[in-house]
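**Q** Below is one structure. I have some questions about it.
Residue numbers (our numbering): 1 to 374.
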């Protein structure tokens with residue numbers, strides 16, 4: 001689609017307060033030295049750089065490491081697919097739970113640590129902010145702070161989820177050898193929750209973001225991340241707390257389920273009534289010379305069947321590289337007539353495409369390549 005939706009967290013729903021266009025247009029060269037006074041422009045430059053990491057996962061540090069694919073590869077939902085076992089071999093190893101230090105999802109490691117460091121810069125800038133004198137100024141500063149703490153928690157939670165015990169730091173690593181200690185998984189969980197507590201501070205973020213701010217962090221997204229992390233940790237002591245958080249989102253009336261499940265994933269479904277938080281990409285935003293520039297995604301081509309000849313009208317599905325074929329038992333789990341099945345999975349006949357490694361004839365529909373979309 002013209003802006004491919006990469007939904008984060010769970011489909012439940014969220015919100016936000018309006019800010020100026022400065023967030024998008026401020027010069028990225030307006031920065032301050034660590035610990036020095038920080039203007040609003042410097043804070044926004046750092047914050048925009050921290051958000052930018054959300055656009056990098058599909059080609060993370062020049063690695064095909066889309067979060068949508070990486071998480072599913074460790075489940076019973078999909079196979080690796082592609083040309084053969086050696087095509088993106090590190091992903092094949094991931095699907096078999098046999099990754100090695102030499103063949104791993106290093107792209108995600110690199111971008112999320114960059115995100116962690118960038119979030120640290122925003123938080124430091126907020127602590128040294130100047131020019132925030134009025135009540136309205138303080139409200140904006142608290143919003144920036146909450147966004148930064150959410151993003152640090154979000155990036156760290158992926159490192160924690162994929163690797164468990166990981167190095168962690170909140171201050172710039174300014175001295176050789178630029179090392180920090182490895183935290184245990186439980187210690188990392190505690191750090192994530194501290195950040196989420198800041199992000200969910202009452203009054204810091206609106207429950208829903210709309211208009212030009214639709215892609216920014218809101219309170220509902222922070223509450224959803226909190227629930228995700230608590231459940232993954234199996235922290236039963238906080239189950240009641242996150243249940244109340246979910247009730248807050250549902251009772252708000254800011255969100256509701258889409259009547260057509262398949263409609264979530266098309267161009268017109270961007271930032272729909274069911275969406276809490278999205279990272280969006282423009283099709284012309286990537287040259288693929290560098291994974292650290294631009295804002296496009298290769299995920300649709302990556303997961304679409306090779307040589308597909310289904311149609312040529314705008315919105316029709318088109319071919320790709322044949323990665324991520326869906327396993328037959330996943331299709332079979334749905335009852336006949338369940339619209340979520342066809343909304344989630346495309347079933348193609350042998351003559352419509354070229355079968356590749358681990359072919360099942362089933363491919364992900366949600367983020368599939370479409371004619372006229374990318």
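We put the CB at the ideal spot given by N, CA and C, even for glycine. On a predicted model such as this, the values are computed, not experimentally measured, just so you know.
Among residues of its own chain, excluding the 5 on either side of residue 264, which ones have a beta-carbon nearer than 7 Å to its beta-carbon?
**A** As a position in the chain shown, residue 264 is number 264, starting the count at 1. So the qualifying residues of the chain are 258, 272, 274.
**Q** Excluding five sequence neighbours on each side, which residues of the same chain lie with their C-beta closer than 6 Å to the C-beta of residue 183?
**A** Locating residue 183 in the chain shown gives position 183, where the first residue counts as 1. Counting only Cβ-Cβ distances below 6 Å, and skipping sequence neighbours, we find 168.
**Q** Pairs of beta-carbons, one from the segment 39 to 56 and one from the segment 109 to 116, closer than 8 Å: are there three or more?
**A** A contact exists between the segment 39 to 56 and the segment 109 to 116.
**Q** Under the assumption that residue 80 contacts residue 363 (Cβ atoms under 8 Å), give the Cβ distance between them as a whole number of angstroms.
**A** Working through the chain shown from its first residue, we reach residue 80 at position 80. Working through the chain shown from its first residue, we reach residue 363 at position 363. Not a contact, Cβ separation roughly 13 Å.
**Q** Please report the residue range of the beta strand (DSSP E) in which residue 347 lies.
**A** Sequence index remark: in the chain shown, residue 347 carries index 347 (1-based). Segment 345 to 347, the beta strand (DSSP E) holding residue 347.
**Q** Below 8 Å on the Cβ atoms is my contact criterion, and I expect residue 386 with residue 296 to pass it. Report the Cβ-Cβ distance as a whole number of Å.
**A** A question about residue 386 goes unanswered here, because the residues of the chain that appear run from 1 up to 374.
**Q** Pull up the CB-CB distance for residue 35 and residue 124, whole angstroms please, since I reckon it's below 8 Å.
**A** Here the question's residue 35 lines up with position 35 in the chain shown. Here the question's residue 124 lines up with position 124 in the chain shown. That belief holds up - the Cβ atoms of residue 35 and residue 124 are roughly 7 Å apart, short of 8 Å.
**Q** Is the Cβ-Cβ distance between residue 103 and residue 91 less than 7 Å?
**A** Translated into the one-based positions of the chain shown, residue 103 becomes position 103. Translated into the one-based positions of the chain shown, residue 91 becomes position 91. Against a cut-off of 7 Å, the Cβ pair of residue 91 and residue 103 comes out as no contact.
**Q** Determine the contact status of residue 70 and residue 43, defining contact as a CB-CB distance below 7 Å.
**A** The residue you call residue 70 lines up with position 70 of the chain shown. The residue you call residue 43 lines up with position 43 of the chain shown. For residue 70 and residue 43, no; Cβs fall outside 7 Å.
**Q** If you reduce the DSSP assignment to three classes, tell me which class residue 224 lands in.
**A** In the chain shown, counting from the first residue as 1, residue 224 sits at position 224. In the structure shown, residue 224 sits in a helix (DSSP, three-state: H, G or I).
**Q** Would the beta-carbon of residue 245 fall within 7 Å of that of residue 207?
**A** Position 245 of the chain shown, counted from the start, is the residue given in the question as residue 245. Position 207 of the chain shown, counted from the start, is the residue given in the question as residue 207. In this structure, residue 207 does not lie closer than 7 Å to residue 245 by Cβ.
**Q** In the DSSP assignment, find the unbroken beta strand (DSSP E) run with residue 362 in it and report its ends.
**A** Here residue 362 refers to the residue found at position 362 of the chain shown. Counting along the chain, the beta strand (DSSP E) containing residue 362 begins and ends at 362 to 364.
**Q** Mapping the DSSP letters down to three states, classify residue 302 as helix, strand or coil.
**A** Here residue 302 refers to the residue found at position 302 of the chain shown. Helix.
**Q** Give the DSSP-derived three-state secondary structure of residue 83 in the structure shown.
**A** Numbered from 1 along the chain shown, position 83 holds the residue referred to as residue 83. Looking at residue 83 - three-state DSSP - the assignment turns out to be coil, as it is neither helix nor strand.
**Q** According to DSSP, is residue 367 helix, strand or coil?
**A** Your numbering for residue 367 matches position 367 in the chain shown. Residue state, collapsed to three classes: coil.
**Q** Pairs of beta-carbons, one from the segment 336 to 346 and one from the segment 355 to 371, closer than 8 Å: are there three or more?
**A** A contact exists between the segment 336 to 346 and the segment 355 to 371.
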